[in-house]
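Please read the structure below before turning to the comments.
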Amino acid sequence: MEVRRSLTAEAFDKLLASLDSDRERAGEKYEEIRRGLVCLFEWRGAPFPDEHADETINRVARKLDEGNELNDPIPYMYGVARLVLLEVYKSRERERAALAQLTASVRVPSDTEETSSNLRLDCLERCLDELPGESRDFLKEYYQGEKRAKIENRQKLAGRLRIPLNALRLRARRAREKLEVCVHTCVSRRFHPT
Numbered sequence: 133m134e135v136r137r138s139l140t141a142e143a144f145d146k147l148l149a150s151l152d153s154d155r156e157r158a159g160e161k162y163e164e165i166r167r168g169l170v171c172l173f174e175w176r177g178a179p180f181p182d183e184h185a186d187e188t189i190n191r192v193a194r195k196l197d198e199g200n201e202l203n204d205p206i207p208y209m210y211g212v213a214r215l216v217l218l219e220v221y222k223s224r225e226r227e228r229a230a231l232a233q234l235t236a237s238v239r240v241p242s243d244t245e246e247t248s249s250n251l252r253l254d255c256l257e258r259c260l261d262e263l264p265g266e267s268r269d270f271l272k273e274y275y276q277g278e279k280r281a282k283i284e285n286r287q288k289l290a291g292r293l294r295i296p297l298n299a300l301r302l303r304a305r306r307a308r309e310k311l312e313v314c315v316h317t318c319v320s321r322r323f324h325p326t
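Numbering (my numbering), first residue to last: 133 to 326.
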């Protein structure tokens, strides 16, 4: 799924105003809605529930910022969440098809699945060791924990780094992509030594 542009302060203010005229109550409602959206995406098996919840909220806020009026933004948000979820499913299906095509085109020796899995793990450990210390520590900390603990851990990490959560996610995605390239290269070399 393609990640959209960041949310402006004005759009966020309009979103909060649509939730409640009292800013504090609006903030509480926002947090409650966001938690509900994260749970929705978790229950439906979406890979990045936090990011999908943020994307849903951002879309609704942009709609309000463009001058559209929503009688009740909360049900509208859940409708947008269903659309985001459909996009996630379609994206995952495209990724699975591409992976199947890639797997079919790569000649893999007749090793057992366990050997192949061990090779990937070995390559992952090597690639992690090759990363600069701060990148390695960042990735390990970013993916630490499960469910709510993981969310809270990422919020603390963003606070410590003094960056917004969206920037944190982007940093993690970039680091993960570099790591994936390294692991793929390592596995390919081991399967196809020159």
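Just so you know, even glycine gets a beta-carbon here, dropped at the ideal spot from N, CA and C.
Three-state secondary structure assigned by DSSP to residue i
i	result
S150	helix
T140	coil
P205	helix
E257	helix
R294	coil
G168	helix
E225	helix
G199	coil
Delimiting residues of the alpha helix (DSSP H) encompassing residue i
i	result
F270	265-274
G177	That residue, G177, is in no alpha helix (DSSP H); it is neither H nor E in DSSP.
Rounded straight-line distance, which links the Cα of residue j to that of residue i
i	j	result
C318	C255	6 Å
E183	L300	11 Å
R305	A185	17 Å
G265	D154	45 Å
E201	Y208	11 Å
D145	L139	10 Å
L217	E225	12 Å
I295	L271	16 Å
R191	V212	8 Å
R252	R321	12 Å
L260	R292	22 Å
Y210	E309	31 Å
N285	L297	11 Å
N203	I189	16 Å
Q287	A141	19 Å
R176	E156	30 Å
Whole-angstrom C-beta distance between residue j and residue i, which should lie under 8 Å
i	j	result
C314	E273	Between E273 and C314 the Cβ distance is about 19 Å, and since that is not below 8 Å, they are no contact.
L151	Y162	6 Å
L147	L215	Not a contact, Cβ separation roughly 17 Å.
P181	V170	5 Å
A158	A149	7 Å
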